[in-house]
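K.L.:
Numbering (the numbering used here), first residue to last: 30 to 457.
Below are the structure tokens for one structure; questions will follow.
Printed below as a string of structure tokens:
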């Protein structure tokens with residue numbers, strides 16, 4: 030998709046570096062050369078199993094718990110600066126690791142992600158596969174690329190069952206590489222750059238020759254507003270930061286019909302992309318309230334309730350044009366989210382991943398978002414679908430001016446899964 034015709038582009042990379050304290054073992058398993066990813070295209074969509082459209086009861090319950098994981102993840106990184114993270118990217122990475130884990134390590138990973146009750150590892154794998162298939166079908170005008178990759182030290186072997194599981198359920202490409210070769214760093218980073226359309230050009234500075242593998246997930250989202258903003262309406266306007274300091278930002282403006290809700294703490298608005306399969310939900314605290322107060326009042330259940338309370342209104346909308354990027358070490362954060370043992374060489378149990386005393390020595394995520402005015406021709410086609418007939422009551426008129434710190438989420442409408450969550454505080 031031409032970037033000039035893009036309203037929002039997001040990318041996230043999550044990476045886990047696995048290391049062993051024991052002697053390396055020459056690889057014996059079948060290596061899956063190259064990488065595989067599913068990308069939105071009519072060719073892919075036509076070949077998809079229609080069953081992917083339906084989530085099991087266990088998977089629906091998982092989405093709610095995984096969205097709580099997303100909110101908990103966000104609470105660990107929120108502060109005074111603009112930030113963006115991808116809970117779904119971390120979910121994919123931890124899901125792959127769960128297939129290589131056993132005992133307490135596996136239990137911690139699954140519980141942290143929201144796998145409880147009937148939600149087994151097999152159900153998680155099926156959910157992950159379903160989400161990738163959904164991304165390939167949902168909206169031909171929106172690019173959603175979910176890719177998984179394992180760069181394997183050629184002196185080590187992955188367990189066959191692990192390799193089969195991540196290949197079948199996560200479409201993970203597996204490459205056996207020479208970690209002592211200086212070109213390997215560039216090779217791994219090239220995969221990262223390719224699968225984020227250049228938004229995240231690197232994920233590692235230098236390959237660790239002693240590592241077993243680099244396990245990675247990339248999510249790239251490129252969508253056009255269903256209802257575009259006009260560049261001529263964008264003006265430099267005041268934005269009040271956390272400390273009430275005044276910043277000047279490029280404020281986009283549009284008046285139109287959107288789904289909107291408000292309560293005592295905040296207002297919320299849904300800004301759909303393309304055919305409506307994906308949406309950005311913006312949560313704006315009321316005057317005198319803060320993002321921190323707002324987010325502490327929310328859990329996954331209450332967030333879902335906000336969506337259910339939305340009504341179509343005529344909205345005077347102002348939203349900043351912005352770019353935010355973040356590099357985030359995850360060891361401490363994931364430990365606080367309930368899965369600490371994977372990082373402890375004395376406690377980690379990855380006996381299903383490879384031979385030896387395997388643990389995750391480093392985990393990190395890079396994410397970036399660009400939000401602008403542009404739209405595509407698809408917006409004009411779908412805009413007519415929100416028109417109300419003269420027999421219906423006149424929608425109420427509301428003002429939604431995002432001129433102070435706010436939170437935004439990118440979700441798919443079908444499952445409600447949070448792909449990206451971030452906050453804008455006035456700093457690009």
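Glycine included, C-beta positions come from ideal geometry on N, C-alpha and C.
Since the model is a prediction, treat every value here as computed from it, not as a measurement.
Taking the straight line between their C-alpha atoms, what separation do you get for residue 288 and residue 248?
P.N.:
As a working mapping, residue 288 is identified with position 259 in the chain shown. As a working mapping, residue 248 is identified with position 219 in the chain shown. The alpha-carbon atoms of residue 288 and residue 248 are separated by roughly 27 Å.
K.L.:
Strictly by DSSP, which residues pair up with residue 264?
P.N.:
Looking up residue 264 in the chain shown gives position 235. Note: residue 264 sits in a beta bridge opposite 280.
K.L.:
First and last residue of the alpha helix (DSSP H) that includes residue 314?
P.N.:
By one-based count along the chain shown, residue 314 stands at place 285. Residue 314 -> not in any alpha helix (DSSP H); beta strand (DSSP E) instead, spanning 307-314.
K.L.:
Taking DSSP as the reference, what is the three-state secondary structure of residue 154?
P.N.:
Mapped onto the chain shown, residue 154 falls at position 125. Residue state, collapsed to three classes: helix.
K.L.:
Any idea which residues DSSP pairs residue 287 with across the strands?
P.N.:
For the purposes of this step, residue 287 is taken as the residue at position 258 of the chain shown. Residue 287 is bridged to 342.
K.L.:
Whole alpha helix (DSSP H) runs in the stretch 173-251 with 4 or more residues, listed along the chain?
P.N.:
Taking only runs of at least 4 residues, the alpha helix (DSSP H) segments lying wholly in the stretch 173-251 are 189-199 and 212-224.
K.L.:
From this set, 136, 192, 147 and 237, which residue's C-alpha is nearest residue 88's C-alpha?
P.N.:
For the purposes of this step, residue 88 is identified with residue 59 of the chain shown, where counting begins at 1. Ranking 136, 192, 147 and 237 by Cα distance to residue 88 puts 147 first.
K.L.:
Give me the residue from 456, 300, 448 and 452 with the minimum Cα distance to residue 119.
P.N.:
Here residue 119 corresponds to residue number 90 of the chain shown, with the count starting at 1. Comparing Cα-Cα distances from residue 119 to each of 456, 300, 448 and 452, the minimum goes to 448.
K.L.:
Taking the CB atoms as reference points, tell me whether residue 175 and residue 121 lie closer together than 9 Å.
P.N.:
Counted from its first residue, the chain shown places residue 175 at position 146. Counted from its first residue, the chain shown places residue 121 at position 92. Cβ atoms of residue 175 and residue 121: closer than 9 Å.
K.L.:
Please classify residue 267 as buried or exposed, where buried requires at least 16 neighbouring CB atoms within 10 angstroms.
P.N.:
For the purposes of this step, residue 267 is taken as residue 238 along the chain shown, with counting starting at 1. With fewer than 16 other Cβ atoms within 10 Å, it is exposed.
K.L.:
Give me whichever residues DSSP pairs with residue 328 in a beta bridge.
P.N.:
As a first step, residue 328 must be located in the chain shown, where it is residue number 299. For residue 328, which the question treats as bridged, DSSP gives no partner whatsoever.
K.L.:
What would DSSP say about residue 417, mapped onto helix, strand or coil?
P.N.:
On the chain shown, position 388 is the one that residue 417 refers to. Here the model assigns residue 417 a pLDDT of 21, short of 50, so the residue's position is not dependable and the matter cannot be decided.
K.L.:
By the 10 Å Cβ neighbour count, where 16 or more other Cβ atoms means buried, how is residue 84 classified, buried or exposed?
P.N.:
To locate residue 84, count along the chain shown from 1; it is residue 55. Its Cβ being crowded by 16 or more others within 10 Å, residue 84 is buried.
K.L.:
Closest by CA to residue 349, which one among 453, 338, 326 and 295?
P.N.:
Position 320 of the chain shown, counted from the first residue, corresponds to residue 349. Answer by Cα proximity: 453.
K.L.:
Could you work out which residue in 344, 100 and 215 is closest to residue 331 when comparing CA atoms only?
P.N.:
What you label residue 331 is simply residue 302 of the chain shown in a count that begins at 1. For the residues 344, 100 and 215, the minimum Cα distance to residue 331 belongs to 100.
K.L.:
Can you tell me whether residue 108 is buried or exposed? The criterion is at least 16 other CB atoms within 10 Å of its CB, across all chains shown.
P.N.:
Here the question's residue 108 lines up with position 79 in the chain shown. Classification of residue 108: exposed, given that the 10 Å Cβ count is below 16.
K.L.:
If I measure Cβ to Cβ from residue 115 and keep anything under 6 Å in the same chain, skipping five residues before and after, which residues do I get?
P.N.:
Against the chain shown, residue 115 aligns to sequence position 86. Correct list, in chain order: 41, 248, 396 and 449.
K.L.:
So what's residue 446 in DSSP terms, helix, strand or just coil?
P.N.:
For the purposes of this step, residue 446 is taken as residue 417 along the chain shown, with counting starting at 1. Coil, per DSSP.
K.L.:
Expressed to the nearest angstrom, what Euclidean distance is found between the alpha-carbon atoms of residue 166 and residue 307?
P.N.:
For the purposes of this step, residue 166 is taken as residue 137 along the chain shown, with counting starting at 1. For the purposes of this step, residue 307 is taken as residue 278 along the chain shown, with counting starting at 1. Each residue's Cα considered, the two are about 12 Å apart.
K.L.:
Of the choices 456, 451, 455 and 446, whose alpha-carbon is the least far from that of residue 161?
P.N.:
Counting from one through the chain shown, the residue named residue 161 turns up at place 132. For residue 161, the nearest C-alpha among the options comes from 446.
K.L.:
Grab me the residues of residue 93's own chain with a C-beta within less than 6 Å of its C-beta, minus the 5 sequence neighbours each way, in chain order.
P.N.:
As a working note, residue 93 is residue 64 in the chain shown. For residue 93, where only same-chain residues beyond five positions count, the Cβ hits under 6 Å are 329.
K.L.:
Give every residue of the same chain whose Cβ lies closer than 6 Å to the Cβ of residue 211, excluding the five residues on either side of it in the sequence, and list them in chain order.
P.N.:
The count along the chain shown starts at 1 and reaches residue 211 at position 182. There are no such residues.
K.L.:
Taking buried to mean at least 16 other C-beta atoms within 10 Å of its own C-beta, is residue 149 buried or exposed?
P.N.:
As a working note, residue 149 is residue 120 in the chain shown. By the neighbour-count rule (16 or more Cβ atoms within 10 Å), residue 149 is not buried but exposed.
K.L.:
Quick check: what's the CA-CA separation for residue 385 versus residue 364?
P.N.:
Sequence index remark: in the chain shown, residue 385 carries index 356 (1-based). Sequence index remark: in the chain shown, residue 364 carries index 335 (1-based). For residue 385 and residue 364, the distance between alpha carbons rounds to 22 Å.
K.L.:
Would you kindly check if the distance between the Cβ of residue 310 and the Cβ of residue 300 is under 9 Å?
P.N.:
Walking along the chain shown from the start, residue 300 turns up at place 271. Walking along the chain shown from the start, residue 310 turns up at place 281. In contact: residue 300 and residue 310 (Cβ atoms closer than 9 Å).
K.L.:
Please work out which residues of its chain come closer than 6 Å, Cβ to Cβ, to residue 226, disregarding the five sequence neighbours upstream and downstream, and give them in chain order.
P.N.:
By 1-based counting over the chain shown, the position of residue 226 is 197. Counting only Cβ-Cβ distances below 6 Å, and skipping sequence neighbours, we find 249.
K.L.:
Rounded to the nearest angstrom, what separates residue 139 and residue 177 at their Cα positions?
P.N.:
Translated into the one-based positions of the chain shown, residue 139 becomes position 110. Translated into the one-based positions of the chain shown, residue 177 becomes position 148. So the alpha carbons of these two residues sit roughly 19 Å apart.
K.L.:
Between residue 280 and residue 432, is the Cβ-Cβ spacing less than 9 Å?
P.N.:
As a working mapping, residue 280 is identified with position 251 in the chain shown. As a working mapping, residue 432 is identified with position 403 in the chain shown. In contact: residue 280 and residue 432 (Cβ atoms closer than 9 Å).
K.L.:
Assign residue 96 to one of two classes, buried (16 or more other C-beta atoms within 10 Å of its C-beta) or exposed (fewer than that).
P.N.:
Along the chain shown, one-based indexing puts residue 96 at 67. Residue 96 should be labelled buried.
K.L.:
Mind checking residue 425: buried by the 16 CB within 10 Å criterion, or exposed?
P.N.:
Mapped onto the chain shown, residue 425 falls at position 396. Residue 425 should be labelled exposed.
K.L.:
Can you tell me whether residue 273 is buried or exposed, with buried defined as 16 or more other CB within 10 angstroms of its CB?
P.N.:
In the chain shown, counting from the first residue as 1, residue 273 sits at position 244. Under this definition residue 273 is an exposed residue.
K.L.:
Can you find the residues in the same chain that come closer than 7 Å, C-beta to C-beta, to residue 131, ignoring five residues on each side of it along the sequence?
P.N.:
Taking the chain shown and counting its residues from 1, one reaches residue 131 at position 102. Within the same chain, residue 131 has close Cβ partners 378, 380 and 381.
K.L.:
Quick one, are the C-beta atoms of residue 353 and residue 113 less than 9 Å apart?
P.N.:
In the chain shown, the residue the question calls residue 353 occupies position 324. In the chain shown, the residue the question calls residue 113 occupies position 84. Yes.
K.L.:
Which runs of the beta strand (DSSP E) at least 3 residues long sit entirely within the stretch 348-394? Give them in chain order.
P.N.:
List check, beta strand (DSSP E) in window: 351-358.
K.L.:
Suppose you measure from the CA of residue 218 to the CA of residue 231; what does that come to, to the nearest Å?
P.N.:
Working through the chain shown from its first residue, we reach residue 218 at position 189. Working through the chain shown from its first residue, we reach residue 231 at position 202. Computed Cα separation, rounded: 5 Å.
K.L.:
Could you tell me the distance, in whole angstroms, from the CA atom of residue 206 to the CA atom of residue 366?
P.N.:
Counting from one through the chain shown, the residue named residue 206 turns up at place 177. Counting from one through the chain shown, the residue named residue 366 turns up at place 337. Rounded to whole angstroms, residue 206 to residue 366 spans 32 Å at the Cα level.
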